[in-house]
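Note that the sequence shown covers residues 102 to 226 in my numbering. Glycine included, every Cβ here is placed at the ideal spot set by N, Cα and C.
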Amino acid sequence: MGGKQIIGSGSTPFLKGDVVAGKLFIEAKTKMTPSKQITIKKDWIDKAREQSLATRKEDYAIAVSFGDAKEYYLIEDSLMEDLFKSREALRAIVDTLGGLEDLLVGDLDNLTASGIRKLIKRYLE
102 MGGKQIIGSG STPFLKGDVV AGKLFIEAKT KMTPSKQITI KKDWIDKARE
152 QSLATRKEDY AIAVSFGDAK EYYLIEDSLM EDLFKSREAL RAIVDTLGGL
202 EDLLVGDLDN LTASGIRKLI KRYLE
């Protein structure tokens with residue numbers, strides 16, 4: 102995601118959390134040894150929300166790992182809805198453009214800001 106890892110996160114009153122990616126605050130909860138389960142605590146969610154507000158980030162997530170390379174994210178329902186709608190809007194734009202294989206440079210005249218805005222709004226509403 103292009104995030105910036107915070108060295109020594111939690112050890113200072115500033116820059117809490119483990120990763121900041123744009124306007125997203127990510128608190129990492131990872132197991133060092135492989136495991137089949139992890140207990141999620143509401144306190145983690147409350148703390149991540151508070152820290153995201155304190156660092157002026159719009160959204161927060163909790164990254165969970167079971168001790169392997171794969172990560173899973175715990176997010177609020179409103180962020181999930183935004184992500185879903187944004188993905189659908191992007192798919193609609195790509196479909197309207199005829200896919201991503203063609204270069205857009207020669208076809209910029211067919212792209213209008215108002216047309217793209219209308220398409221995005223249709224999927225975000």
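Please state whether the Cβ-Cβ distance between residue i and residue j is less than 8 angstroms.
| i | j | result |
| --- | --- | --- |
| TRP145 | LYS158 | no |
| PRO135 | ASP183 | no |
| ASP160 | LEU198 | no |
| ILE127 | ALA155 | no |
| GLU189 | TYR224 | yes |
Pick from the options: whose alpha carbon is nearest that of residue i?
| i | options | result |
| --- | --- | --- |
| ARG150 | SER187, ALA162, GLY216 | ALA162 |
| ASP119 | ASP178, GLN152, MET181, GLY200 | GLN152 |
| TYR174 | ILE141, GLY200, LEU191 | ILE141 |
Out of curiosity, what's the CA-to-CA distance linking residue i and residue j?
| i | j | result |
| --- | --- | --- |
| ASP147 | ILE176 | 12 angstroms |
| ASP196 | LEU220 | 11 angstroms |
| ALA193 | GLU226 | 14 angstroms |
| GLN138 | SER166 | 10 angstroms |
| LEU205 | LYS143 | Here LEU205 scores only 49 on pLDDT, less than 50, and its place in the model should not be relied on; the value that follows carries that caveat. For LEU205 and LYS143, the distance between alpha carbons rounds to 46 angstroms. |
| MET181 | SER187 | 10 angstroms |
| PHE185 | ASP178 | 10 angstroms |
Indicate whether at least one CB of chain B lies closer than 8 angstroms to the CB of residue i.
| i | result |
| --- | --- |
| GLU159 | No chain B is present in this structure, which holds just one protein chain. |
- Task: Just list the beta strand (DSSP E) runs in the stretch 155-180, keeping only unbroken ones of 3 residues or longer that don't cross its boundaries, in chain order.
- Result: Along the stretch 155-180, the beta strand (DSSP E) occurs as fully enclosed runs of 3 or more residues at 160-166, 172-175, listed in sequence order.
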